[in-house]
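There are 2 protein chains.
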Amino acid sequence: MENNLYFELKPSLLKYKGELFNAICEEKKNIGYYSLPFGDIKPLIDFEKGFGDNIECIAVIGIGGSSLGAKAVYNFLKPVKEFKRKLYFFETTDPLNIAELENRIDLKKAHFLIVSKSGSTLETIALFKYFLNKCDKEQFSFITELDSPLAKLAETMDAKIFEIPKNVGGRFSVLSSVGLIPLILAGIDIEALLNGAKKVHNSFFNDGYLKDTLLKKALFFAKNHQEYNINLLFAYSESFKYFVQWYIQLWGESLGKKQKDSIFNVGVTPVGLIGPQDQHSFLQLIVEGTRNKTVTFMKIKNFKQNLKVPDISLDFLQKLDIINGIAFDELINKQSDSIKEALLLQDDIPIDEIIIDEVNEEAIGKLIFYYELLTSLMGILIDVNTYNQPGVELGKSILKEKLIGRNG
Amino acid sequence: MENNLYFELKPSLLKYKGELFNAICEEKKNIGYYSLPFGDIKPLIDFEKGFGDNIECIAVIGIGGSSLGAKAVYNFLKPVKEFKRKLYFFETTDPLNIAELENRIDLKKAHFLIVSKSGSTLETIALFKYFLNKCDKEQFSFITELDSPLAKLAETMDAKIFEIPKNVGGRFSVLSSVGLIPLILAGIDIEALLNGAKKVHNSFFNDGYLKDTLLKKALFFAKNHQEYNINLLFAYSESFKYFVQWYIQLWGESLGKKQKDSIFNVGVTPVGLIGPQDQHSFLQLIVEGTRNKTVTFMKIKNFKQNLKVPDISLDFLQKLDIINGIAFDELINKQSDSIKEALLLQDDIPIDEIIIDEVNEEAIGKLIFYYELLTSLMGILIDVNTYNQPGVELGKSILKEKLIGRNG
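Chains as they are written, first to last, in this note's numbering: chain R, 1 to 408; chain P, 1001 to 1408.
Written as structure tokens, this is what we have:
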């Protein structure tokens, strides 16, 4: 992957690169996600081998960090891959969505993965009860912390349990069993996925190409995070549709915090855009709207899908004959380049660009680890605890009171 | 529909309500969308009647305002409706997406709607050529301005042409033939859709309930648009997934502008969230992040889908027995209420709430017109031309140069 930065950093900022790198190396000792690319996948491979052909679909029951990562990888690969089993993500209490998804699967041929780090996520347990009521105990496996209530329950059911390590946060867990189990059951090459992540890990920590780039990008984004308090990830392919959702959780939930050593609320709002569609939706706001946005373009070098615009000249539309014979992949990348160049002419919109080689497991593994590292670097610089989410507790406790009130 | 505002307006601001109402009444004389709910749908009904049973799917070829509206309505109704024909939206030059969608339809049983206001949208013409090369001329109908190059071409093909009126902008066109033609072909009750819009129109312009509410909301949002420069639409149901995309274009492209009478770039960034999923993703950023966001909650009073959490008590998880027996629709609405109450305790996050009765045509018609009116009011107050999009031209002309360079 390439990452081109189109903004300048002053020497007064650049001098902090070494300090920042030392800080992340220090943090790495205690935070679990950094070592996930090097995990042992043998038990996961064995688990998949134990599945018969009678299981045709996998229902992932989880929400937030327990679903967004697997969903991002699965949907990224969907246009290029024949899956061994389909994945369905149950991640809402919306009864219309539950009924619609349920209609699409044959419950007898389904296996359920109940995914919850704490083991007591309300939405997940509600959906688990719903399907437990309709299916056999043998159809459930569990992905959770080993001492969670859910793990204890799973033991009484003699069900398979996969661990989420304590020091791996939900939104950083896609390369743990949380993401890997559903993905391997779908027939996705999780070794290649982890290899991609490893390459980014090594490039960053072993003085490779990404070290300098990531440090610079984080320093620039963090230094300017109050002026440019929105980051747009403008990804040119429908394949990125759920990847941007994963990025939104990672970035928003990690960086939207009270600062550790002050009283201030900080954070950068993540927005996901898909090109070229959002050229016809959001672009106007970028070009002429308030100058509070950085833009990260993302494109695919080789789509490996050789569709072309036919060489047809249409009456009254001859002006558009300039697209005749062009391959759609060349066209979409020229569109991305054109918007990037147009924005660069504005001089007050900071731009960078990520280019991945093609749509495969290794590429998305790289992107995942790239964004995790960037998030960690940002968290250090804007002085927040990147890995907690205390802000969500109040809503939960209000809901509990409402539910208790209803029964009492 | 209800719209509850949880913020206070000072008398110094409220006194502008009359002036603002007069301004929108003045604007109404020249802008076409205001009268769309009262359009004659007889020709559309006749067009649909002419379709045989052999047409099983409708491929809508359009981008931005030419697809987002129909897509929003279609997907909103999907969980509750048996469609007469399926709609497929071709709205990208991404070859992976084109190939994937094409695989899902039987080209012989498809009819194509080519939708482009200007009649020369590059992506749309590229896709039109692609399918013209594979299908019969008779399989195409056109929705465009009557004097556009595309209309002229359609005439030479003896194809059916539906008009997009000159004074109706793309992002305000869902209640014109742009939205209505694909929707009626899918078997959606467009009369009920327009009726919903009419009710909101009349409530606003004939001194009904929404007049005061919309004026107040616009005054508050506009007065504070620099401090609160992001609006989150937090919609509690997957059914709203594409509605929020439609809202993002409407809001972003209409309000992200240079001001008419000054040099300043203004605009409010629209962000779409889906609950409860985004409680586990974006909520942390709302609660503890930078105070630059207003939040609009949206919920459905009656889901008419009576799924319940079974009355099962799980070992080690007895604490969660409080959800036993609850209907999922009650649960999701309690979740929405809990988050709203938690945010109200913060005292510096402006909140409002929209409640629709149920998932049907009339409800989404109301929402559409509500948001169009709100956008127009905002545009007047922040002094922008709500209906143009000059910022997108530069990227287009750079692309044209690249394409000409390639051939020359």
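Don't be surprised by glycine CBs; every beta carbon is placed ideally from N, CA and C.
Handout entry: Exposure of P:E1048, with buried meaning 16 or more beta-carbon neighbours within 10 Å
Key = buried
Handout entry: Counted within 10 angstroms of its Cβ, other Cβ atoms place P:D1261 as buried (16 or more) or exposed
Key = By the 10 Å Cβ count, P:D1261 comes out exposed.
Practice task
Check the C-beta distance from R:V309 over to R:I323 and give it rounded, since I have them as a contact under 8 Å.
Solution key: Between R:I323 and R:V309 the Cβ distance is about 5 Å, and since that is below 8 Å, they are a contact.
Exercise for the section: Using a Cβ-Cβ cut-off of 8 Å, state whether P:D1315 counts as contacting chain R. Expected result: Yes, its Cβ sits closer than 8 Å to a Cβ of chain R.
Handout entry: Closest by C-alpha distance to P:A1023, when choosing among P:K1396, P:K1400, P:P1390 and P:I1380
Key = P:I1380
Handout entry: Best match in R:N133, R:R291, R:E358 and R:L255 for proximity to P:I1263 [C-alpha to C-alpha]
Key = Looking at the Cα atoms, R:R291 is the closest of the given residues.
Practice task
Using a Cβ cut-off of 8 Å (strictly closer), state whether P:Q1139 contacts chain R.
Solution key: no
Handout entry: R:M298 in three-state terms, based on DSSP
Key = strand
Handout entry: Per-residue burial, R:K258 [other beta carbons within 10 Å of its own, 16 or more giving buried]
Key = buried
Problem - First through last residue of the alpha helix (DSSP H) which encompasses R:A126 - result: First-last of the alpha helix (DSSP H) with R:A126: L122 to L132.
Problem - R:L345 versus P:F1240 - alpha carbon distance - result: If I take the Cα positions, the gap works out to 36 Å.
Problem - Cβ-based burial, R:T124 [other Cβ within 10 Å; buried from 16] - result: buried
Handout entry: Cα-Cα separation, R:Y6 to R:F90
Key = 40 Å
Problem - Start and end residues, beta strand (DSSP E) containing R:T269 - result: T269 to I274
Exercise for the section: Indicate the three-state DSSP secondary structure (helix, strand or coil) for R:K257 in the structure shown. Expected result: strand
Practice task
Quick one: which residues of the region 180-206 of chain R get their C-beta closer than 9 Å to a C-beta of chain P? List them in chain order.
Solution key: none
Practice task
Please check if any C-beta of chain R sits within less than 8 Å of the C-beta of P:K1015.
Solution key: Taking Cβ atoms only, chain R never reaches closer than 8 Å to P:K1015, which makes this a no.
Exercise for the section: Flag this pair as touching only if the region 49-57 of chain R and the region 96-109 of chain R have three or more C-beta atom pairs under 8 Å; answer yes or no. Expected result: yes
Practice task
List the residues of chain R whose Cβ lies closer than 7 Å to the Cβ of P:E1123, in chain order.
Solution key: From the beta-carbon of P:E1123, the residues of chain R found nearer than 7 Å are P276.
Problem - Rounded straight-line distance, which links the Cα of R:T386 to that of R:E372 - result: Distance between the alpha carbons of R:E372 and R:T386: 11 Å.
Exercise for the section: Starting from P:N1097, follow the alpha helix (DSSP H) in both directions and report where the run begins and ends. Expected result: P1095 to N1103
Exercise for the section: Taking P:A1126 as the query, report the chain R residues whose CB atoms sit under 9 Å from its CB, ordered along the chain. Expected result: V309, L320, I323, I326, F328 and L331
Handout entry: P:L1232 (DSSP reduced to helix, strand or coil)
Key = DSSP places P:L1232 in strand when its eight states are reduced to three.
Exercise for the section: Would you please verify whether the beta carbon of R:E362 is less than 8 Å from any beta carbon of chain P? Expected result: Chain P contact via Cβ: absent.
Problem - Close-in-space but distant-in-sequence residues of the same chain around P:D1348 (CB under 8 Å, 5 per side omitted) - result: R1291
Exercise for the section: Identify every run of the beta strand (DSSP E) within the region 149-191 of chain R, keeping only runs that are complete inside it and at least 3 residues long; order them along the chain. Expected result: 161-163
Problem - Beta carbon of R:G196 nearer than 8 Å to that of R:V73 - result: no
Handout entry: Assigned secondary structure, R:S141 (DSSP; H/G/I helix, E/B strand, else coil)
Key = Look at R:S141 here: in three-state DSSP terms it is strand.
Practice task
Would you kindly check if the distance between the Cβ of R:I164 and the Cβ of R:F142 is under 8 Å?
Solution key: The answer is no: Cβ separation not under 8 Å.
Practice task
Please say whether P:L1285 and R:T213 have beta carbons closer to each other than 8 Å?
Solution key: no
Exercise for the section: With DSSP as the reference, label R:C135 as helix, strand or coil. Expected result: coil
Problem - C-beta contact flag for R:P79 and P:L1096 at 8 Å - result: yes
Exercise for the section: Kindly confirm or deny that the region 324-344 of chain R and the region 229-244 of chain R touch, where touching means at least three C-beta pairs closer than 8 Å. Expected result: Flag = yes, the region 324-344 of chain R and the region 229-244 of chain R touch.
Practice task
Measure the alpha-carbon distance for R:E288 versus P:E1238 and round it to whole angstroms.
Solution key: 31 Å
Handout entry: Cut-off 8 Å between Cβ atoms - residues of its own chain near P:N1206, not counting five sequence neighbours on either side
Key = none
Problem - Any C-beta of chain R under 8 Å from that of P:N1385 - result: no
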